[in-house]
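Asks: Submitted below is the structure of interest, expressed as structure tokens.
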Amino acid sequence: MNHIESPISGVKLDNNFDDLEYISRVLQGETKAFEVLIEKYQLLIKKLAYNYLHHTEDVLDASQDIFVEIYKSLPRFDLSKGFLPWLYSVALNTLKKKYRKIKGHTLVIKKAQEQKREDIEKNEIHNRAQEDRMVVKEAVHKLPEKLREIIILYYYENLKVSEISEITGLSDENIKSRLFRARKKLKEDLQDMQPF
Amino acid sequence: MNCKEYKEFTEQWLTNGKLAQDVINKMETHLAACPLCREESRSFFQVINSFSRSSSLDQLPQDIMESDLRASIMAKISNKSIQFKSKKPFIYRITAVAASLIIIFGAVFGVITLQRSNQSTEVIVCFTLYAPEASTVSLVGDFTDWHPLELDLDQQGNWIKSIGLKPEQSYLYNFLINGQTWIPDPQADMNIDDGFGGKNSVINL
Chain A
1 MNHIESPISG VKLDNNFDDL EYISRVLQGE TKAFEVLIEK YQLLIKKLAY NYLHHTEDVL
61 DASQDIFVEI YKSLPRFDLS KGFLPWLYSV ALNTLKKKYR KIKGHTLVIK KAQEQKREDI
121 EKNEIHNRAQ EDRMVVKEAV HKLPEKLREI IILYYYENLK VSEISEITGL SDENIKSRLF
181 RARKKLKEDL QDMQPF
Chain B
197 MNCKEYKEFT EQWLTNGKLA QDVINKMETH LAACPLCREE SRSFFQVINS FSRSSSLDQL
257 PQDIMESDLR ASIMAKISNK SIQFKSKKPF IYRITAVAAS LIIIFGAVFG VITLQRSNQS
317 TEVIVCFTLY APEASTVSLV GDFTDWHPLE LDLDQQGNWI KSIGLKPEQS YLYNFLINGQ
377 TWIPDPQADM NIDDGFGGKN SVINL
């Protein structure tokens, strides 16, 4: 598999001196410096939230919540460690809380997908690949949370196992095992579906 | 590619989660020509195919992509008046102490000594961490609004701070070593996940 770059080109989990400088400035009371971090990471956060929630309104809402949480938690960030893994882990925890709060999320997902289908039909674009992705997405959303989270980080966020380990605190072996279980479950779940 | 090879590749993907793009292309060609495999695993192939092109797996809708969150987040932050650095010293009230009860937890690293005052309106808690090589040790907890409160070093290498806390409550805290490393109290009676991959120590008064 080609390792495709994150939405922000060139973003790696290594620390970036600019980030540390802005974090330090925020911590010293210069709130305005946080705006730079939002600008830099909002696309990444929105994409993560979108993959997790899949509903336009919730995505923007959740992304804002994530940044507020990041801001509130900044004093707890260990400057000697990587900022991006920490950012991901705060984001995931916020999303998990948010996701749990949404009642009937399956319905929300379905609605979003129906809307998407309508859009496609409306534009008279028959995009098989996109339709496939929606089917897969729906199956991913039905996975248990422990498996879904890892699948999203690995396949949707294009993170390496070692990077996921840094974010989640799980061992590489545990992550690999979850990935395997998730793939197997996706296979089983999708085999029951009517092929189209 | 024949049916046997096709199946082998799906098994391979199940095991290691990756396949070269040219293999996937060949699988797709096979699937288009083979009704049997299509019947069996068309849907599963969608997963393999989608996951191999994950950059386009889920393009953000344009409205999400284009919305700039800076203004709304900055407004939320200022509304909440979150402050990282308190200029005020940490204030704590210690009422008259009648050392009626002393509880000592552990002795190796972290030691917490509780002295209940006879007025029972406040509990004086002495937080202690044995860390002779540390340059600074601070106490950070929900009772300090997560602002670091520096401990004092004694000659034996124990960092100590006594503070008064309201009884009948639970408090979360960590030690901050050299202003950088967060550690839970090694001698706390309970540590819980802090939701961010670390641990918080819990003290129940």
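Residue numbers (the numbering used here), protein chains in the order written: chain A, 1 to 196; chain B, 197 to 401.
Think of the CB as a built atom: it goes at the ideal place given N, C-alpha and C, for glycine as much as any other residue.
Being a predicted model, the structure only gives us computed values, none of them experimental.
#1: Check the C-beta distance from Ser268 (chain B) over to Gln42 (chain A) and give it rounded, since I have them as a contact under 8 Å.
#2: Alpha carbon to alpha carbon, what distance is there between Asn387 (chain B) and Val307 (chain B)?
#3: Can you say whether Ser397 (chain B) is buried or exposed, counting buried as having 16 or more other CB atoms within 10 angstroms of its CB?
#4: Can you tell me the Cα-Cα spacing of Asp61 (chain A) and Ala49 (chain A), whole angstroms?
#5: Please name the residues in the region 65-95 of chain A whose beta-carbon is closer than 8 Å to at least one beta-carbon of chain B, in chain order.
#6: For Met261 (chain B), does the three-state DSSP call read helix, strand or coil?
#7: Under 8 Å, with one C-beta from each stretch per pair, do the region 19-27 of chain A and the region 209-223 of chain B reach the 3-pair mark?
#8: Does the distance from the C-beta atom of Leu27 (chain A) to that of Pro75 (chain A) stay below 8 Å?
#9: Give the secondary structure of Asn400 (chain B) by DSSP, where H, G and I count as helix, E and B as strand, and everything else as coil.
#10: What does the Cβ neighbour count give for Pro231 (chain B), buried or exposed, with the cut at 16 atoms within 10 Å?
#11: Taking the alpha-carbon positions, what's the Tyr369 (chain B) to Leu361 (chain B) distance?
#12: Report the residue from B:Phe392, B:Tyr326, B:Gln376, B:Ser239 whose alpha carbon sits nearest the alpha carbon of Pro382 (chain B).
#13: Interface residues of chain A around Val243 (chain B) at Cβ under 8 Å?
#14: Does any C-beta atom of chain B lie closer than 8 Å to the C-beta of Arg148 (chain A)?
#15: What do you reckon, are the CB atoms on Ile273 (chain B) and Phe77 (chain A) nearer than 8 Å?
#16: Out of A:Thr94, A:Glu163, A:Lys72, state which residue places its alpha-carbon closest to the alpha-carbon of Gly29 (chain A).
#17: Run the CB neighbour count on Thr211 (chain B), radius 10 Å, all protein chains shown included, and call it buried at 16 or more, exposed below.
#18: Output, in sequence order along the chain, the residues in the region 360-379 of chain B whose CB is closer than 7 Å to any CB in chain A.
#19: Compile a chain-ordered list of the residues in the region 326-349 of chain B whose CB is closer than 7 Å to at least one CB of chain A.
#20: If I measure Cβ to Cβ from Tyr202 (chain B) and keep anything under 7 Å in the same chain, skipping five residues before and after, which residues do I get?
#21: Apart from the five residues on each side of it in sequence, which residues of its chain come closer than 7 Å, Cβ to Cβ, to Leu87 (chain A)?
#22: Tell me which residues share the same chain as Arg178 (chain A) and place their Cβ nearer than 7 Å to its Cβ, disregarding the 5 neighbours each side in the sequence.
Replies: Checking against the coordinates, here is how it stands:
#1: Between Gln42 (chain A) and Ser268 (chain B) the Cβ distance is about 11 Å, and since that is not below 8 Å, they are no contact.
#2: Below a pLDDT of 50, predicted positions are generally treated as unreliable, and Val307 (chain B), at 41, falls in that range; the measurement from the model is reported next regardless. Spanning the two alpha carbons is a distance of roughly 15 Å.
#3: buried
#4: 9 Å
#5: Phe67, Val68, Tyr71, Lys72, Ser73, Leu74, Pro75, Arg76, Asp78, Leu79, Ser80, Trp86, Ser89, Val90, Asn93
#6: helix
#7: no
#8: yes
#9: strand
#10: exposed
#11: 13 Å
#12: B:Tyr326
#13: Val136, Ala139, Arg183, Leu186, Lys187, Leu190
#14: no
#15: no
#16: A:Lys72
#17: exposed
#18: Gln376, Thr377, Trp378
#19: Trp342
#20: Met223, His226, Cys233
#21: Tyr41, Ile70
#22: Lys146, Leu147, Ile150
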